[in-house]
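Trainee: Reminder that position 56 of the sequence shown reads as 56 in the working numbering, one-by-one numbering, no gaps.
Ideal Cβ placement from N, Cα and C applies to all residues, glycine included.
None of the values given here were measured: they were computed from a predicted structure.
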Amino acid sequence: MLSTPARIVVSLCMAIGLVILYVPLALIVLNSFNSSRTFSFPPPGFTLEWWVDAFHSRGAADALATSVIAGLCAAAIALVLGTMAAFAVQRFRFFGRQSINFLVVLPITLPGIITGIALASTFTALGPLGVTLGMATVIIGHATFCIVIVYNNVQARLRRMGTSLEEASGDLGGSGWQTFLWVTLPQVRGALAAGVLLAFALSFDEIVVTTFTAGPAVQTLPIWIFQNLFRPNQAPVVNVVAAVLTILAIIPVWISQRLAGDSVTSRV
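1. For residue 285, which three-state DSSP category applies?
2. Buried or exposed for residue 267, please, with buried defined as at least 16 other CB atoms from any protein chain shown within 10 angstroms of its CB.
3. Leaving out the 5 sequence neighbours to the left and right, which residues in its chain are closer than 7 Å to residue 204 when beta-carbon positions are compared?
4. What do you reckon, are the CB atoms on residue 278 and residue 134 nearer than 8 Å?
5. Closer than 6 Å by C-beta to residue 198: which residues in its own chain qualify, once you throw out the five before and the five after it? Chain order, please.
6. Using only the alpha-carbon positions, how far apart do residue 58 and residue 237 sit?
7. Three-state secondary structure (DSSP) at residue 233?
8. What are the boundary residues of the alpha helix (DSSP H) that includes residue 171?
9. Pull up the distance between the alpha-carbon of residue 243 and that of residue 11, whole angstroms please.
10. Tell me, to the nearest whole angstrom, how far the beta carbon of residue 192 is from that of residue 83; I am working on the premise that it is less than 8 Å.
11. Can you give me the C-alpha to C-alpha distance between residue 53 and residue 4, rounded to a whole angstrom?
12. Could I get the ranges of all uninterrupted beta strand (DSSP E) runs contained in the stretch 36 to 97, with 3 residues as the minimum, in chain order?
13. Report all residues from its chain with a CB closer than 6 Å to the CB of residue 78; omit the five preceding and five following residues, and keep chain order.
14. Going by DSSP, which residues form a beta bridge with residue 228?
15. On the DSSP bridge assignment, give the partners of residue 34 in chain order.
16. Alpha carbon to alpha carbon, how far is residue 100 from residue 55?
17. Do residue 252 and residue 214 come within 8 Å of each other at the CB atom, strictly closer than that value?
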C-alpha cells in the first residue's frame with residue numbers, strides 16, 4: 001500500500017500527464033468552432049461555418065474514403081496473417097520459433113521512416129515487374145505493422161487460455177476444425193475483434209509509411225490534413241476534420257477495450 005504522500009504524488013503526476021495529453025485535443029475541438037481563421041485565443045466568437053465547409057469539402061471526403069478502404073484492407077490482411085502467426089508460435093514447437101516471433105514483432109518497433117524507405121525501395125526494385133505506387137502498396141505498407149497488433153492480441157489470449165479445453169475436445173473425438181470452430185474461436189474472438197479494430201485505427205491515421213508508399217495518385221486523410229494545414233483558406237476546415245477524427249478515434253479503442261474486458265470476465 002502506498003503512503004498518503006506517495007498517493008498524492010502519483011495522483012499529481014497522473015493529472016499532469018492527462019492534462020498534457022488531452023488539453024491539446026480539447027483545443028482542437030474548440031478551434032473548430034473558432035470564428036477566427038487564425039485561431040486566436042481566446043476565440044473572439046464561435047461559428048459553425050467551418051463545419052459546413054468541411055461537410056462540403058470534396059477533397060476531405062475522397063481522402064476519408066481512401067483511408068477507410070486502406071484501413072479495412074490492411075486490417076483484413078492483418079487478421080489472417082497475424083492470427084495464423086500467433087497460433088503457429090503459441091501452439092507449436094519448432095526450430096526458429098523465437099526468431100519468427102522476433103521477426104513478426106520487429107516492424108512495429110522500427111521508426112516509421114525506416115519502414116517507409118525500405119518499402120519504397122522494394123516497390124521501386126519491383127518496378128520492372130509492373131509494380132507501381134498506389135492503393136495496393138499503401139495497403140501492403142500498412143499491413144506490415146498492423147499484423148503485429150493482431151498477433152500480439154491473439155498470442156496473449158492463447159497464452160492465457162491454455163490448451164486443456166482443446167485437448168478435451170480432441171479426446172472426445174472432435175476434429176481439428178471442429179475444435180477450432182466450437183472451442184478455440186469463441187475464446188479468442190474478443191482478441192480478434194480488438195486486434196482488428198486497433199489495426200484499423202493504426203492504419204487510418206498512419207502518415208509516415210503512407211508518404212513513401214502512396215505515390216502521387218493516392219491521398220489518405222492524414223496526408224490531406226498535412227498538405228492543407230498551412231493553407232490559410234483550408235486551415236479552419238482542417239481543424240474541423242481533425243476534431244471529428246479525434247472524437248471518432250475514441251470509438252474503436254473503446255470497443256476493443258470492452259471486447260477484451262468482456263472476454264476476460266467471461267472466463268473468470
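Mentor: Here's the rundown:
1. Any property of residue 285 remains undetermined from this structure, which presents the chain solely from 1 to 268.
2. Confidence is the limiting factor: at residue 267 the pLDDT is only 45, short of 50, which leaves the residue's position unreliable, though a coordinate-based value still follows. Classification of residue 267: exposed, given that the 10 Å Cβ count is below 16.
3. Excluding the 5 residues flanking it on each side, residue 204 has same chain C-beta neighbours closer than 7 Å at 67, 71, in chain order.
4. An answer regarding residue 278 cannot be provided, because it is not within the stretch 1 to 268 covered by the chain.
5. Counting only Cβ-Cβ distances below 6 Å, and skipping sequence neighbours, we find 149, 256.
6. Approximately 12 Å, taken between the alpha carbons.
7. DSSP places residue 233 in coil when its eight states are reduced to three.
8. Residue 171 -> alpha helix (DSSP H) spans 164 to 171.
9. Their backbone Cα atoms lie some 28 Å apart in a straight line.
10. About 7 Å; that satisfies the 8 Å criterion.
11. If you take the alpha carbons of residue 53 and residue 4, they lie about 52 Å apart.
12. If only uninterrupted beta strand (DSSP E) runs of at least 3 residues are considered, none is enclosed by the stretch 36 to 97.
13. The residues 143, 146, 147, 150, 199, in chain order, have a CB closer than 6 Å to that of residue 78 in the same chain once the five nearest residues on each side in sequence are set aside.
14. For residue 228, which the question treats as bridged, DSSP gives no partner whatsoever.
15. In the DSSP output, where bridge partners are listed per residue, residue 34 has 46.
16. Approximately 46 Å between the Cα atoms of the pair.
17. No; because the gap between Cβ atoms is not below 8 Å, this pair is not in contact.
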